[in-house]
Amino acid sequence: MVMYKALPRKEYERIFMCNTAKEIWKTLLITHHGNNQVKDNKIDLLVQQYEQLVIFKDESIDSAFARFNTIITSLKALDKGYSSKNYVRKFLRALHPKWRAKVMAIEESKDLTSLSLDELIGNLKVHEMIIKKDSEIVKAKFERKSLSLKANKESSDEECSTSGYKDTEYTMEVRDFKKFFKRRDKNQRAFVGGSWSDSGKEDDEKVKDEMYLVAHALNE
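Here the sequence shown is numbered in our numbering, starting from 15 and rising by one per residue.
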């Protein structure tokens with residue numbers, strides 16, 4: 015009668031027809047764990063999950079341990095368990111290859127027969143935090159370098175553009191001056207009274223001198 019009162023109403027409805035404590039216990043076991051065949055099937059499934067455990071490359075240690083702990087807790091509930099040593103070795107073997115160096119360091123520096131699973135998880139989490147911090151530092155340096163290279167490229171492009179504009183402007187000005195002097199030379203050499211001006215040669219030299227001075231001034 016006391017057992018009846020201790021059970022929730024839903025459980026009471028399952029066992030109210032039982033006459034003895036043994037019958038009540040057996041009914042509850044079958045209800046929550048199934049009969050022996052169901053129990054064995056559950057154990058087989060959990061053992062398979064345990065043996066095939068794989069910790070993914072980008073999975074955190076907390077996430078991996080949560081999955082692992084669910085499996086071993088469920089096995090214990092079905093009276094199937096492993097030693098602490100087995101848990102430690104299994105978790106180490108399940109880690110992604112990127113952890114290989116750390117796994118080797120633990121195996122060389124720790125006694126796995128006495129290392130607890132909690133201690134192993136704590137050790138791995140510290141290493142995980144160090145790796146994450148180093149990765150953030152490297153990423154920040156890379157971003158700063160990229161910004162610096164981009165700024166230098168933009169500055170170089172701007173200088174090239176300005177230089178190109180000045181060269182074009184200079185070329186156009188020289189060309190205009192040449193045209194001007196050619197026209198003036200032509201006018202000075204105009205045929206007058208059937209003969210060319212005697213000062214033609216002197217004017218040629220003068221034009222050349224003036225063009226040189228103008229070109230030199232523009233170049234400065």
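Positions of the beta carbon are idealized from the N, C-alpha and C atoms, including for glycine. Here the structure is a predicted model, which means the values were calculated and not measured.
Residue burial classification, residue i (beta-carbon count within 10 angstroms, cutoff 16)
i, result
"residue 59", "exposed"
"residue 69", "buried"
"residue 163", "exposed"
"residue 138", "buried"
"residue 151", "exposed"
"residue 79", "buried"
Alpha carbon of residue i to alpha carbon of residue j, nearest angstrom
i, j, result
"residue 166", "residue 101", "55 Å"
"residue 72", "residue 51", "38 Å"
"residue 66", "residue 77", "16 Å"
"residue 91", "residue 55", "14 Å"
"residue 83", "residue 128", "19 Å"
"residue 158", "residue 148", "16 Å"
"residue 168", "residue 160", "12 Å"
"residue 63", "residue 85", "7 Å"
"residue 114", "residue 142", "13 Å"
"residue 154", "residue 130", "37 Å"
"residue 118", "residue 140", "16 Å"
"residue 93", "residue 111", "32 Å"
"residue 34", "residue 41", "11 Å"
"residue 124", "residue 53", "37 Å"
"residue 132", "residue 61", "21 Å"
"residue 156", "residue 116", "26 Å"
"residue 57", "residue 146", "37 Å"
"residue 2", "residue 99", "In the structure displayed, the chain extends from 15 to 234; residue 2 sits before or after that span and is not available."
"residue 81", "residue 170", "55 Å"
"residue 37", "residue 97", "33 Å"
"residue 122", "residue 95", "27 Å"
Contact belief for residue i with residue j at Cβ below 8 Å, rounded distance in angstroms
i, j, result
"residue 89", "residue 103", "Wrong, their Cβ atoms sit about 16 Å apart, outside the cutoff."
"residue 109", "residue 120", "With 8 Å as the limit, residue 109 and residue 120 do not qualify as a contact, their Cβ atoms being about 10 Å apart."
"residue 144", "residue 75", "No, residue 144 and residue 75 are not in contact; Cβ-Cβ is about 12 Å, not under 8 Å."
Below-9 Å beta-carbon distance, residue i vs any chain B residue
i, result
"residue 139", "This model lacks chain B altogether; it includes just one protein chain."
Closer than 8 Å: residue i CB and nearest the ligand NAD heavy atom
i, result
"residue 104", "This structure does not include the ligand NAD; it has no bound ligands of any sort."
Q: Only counting runs of 4 or more residues, tell me where the alpha helix (DSSP H) segments fall wholly within the region 68-149, in order along the chain.
A: Runs of the alpha helix (DSSP H) lying entirely within the region 68-149, each at least 4 residues long, are 75-91, 98-108, 114-123 in chain order.
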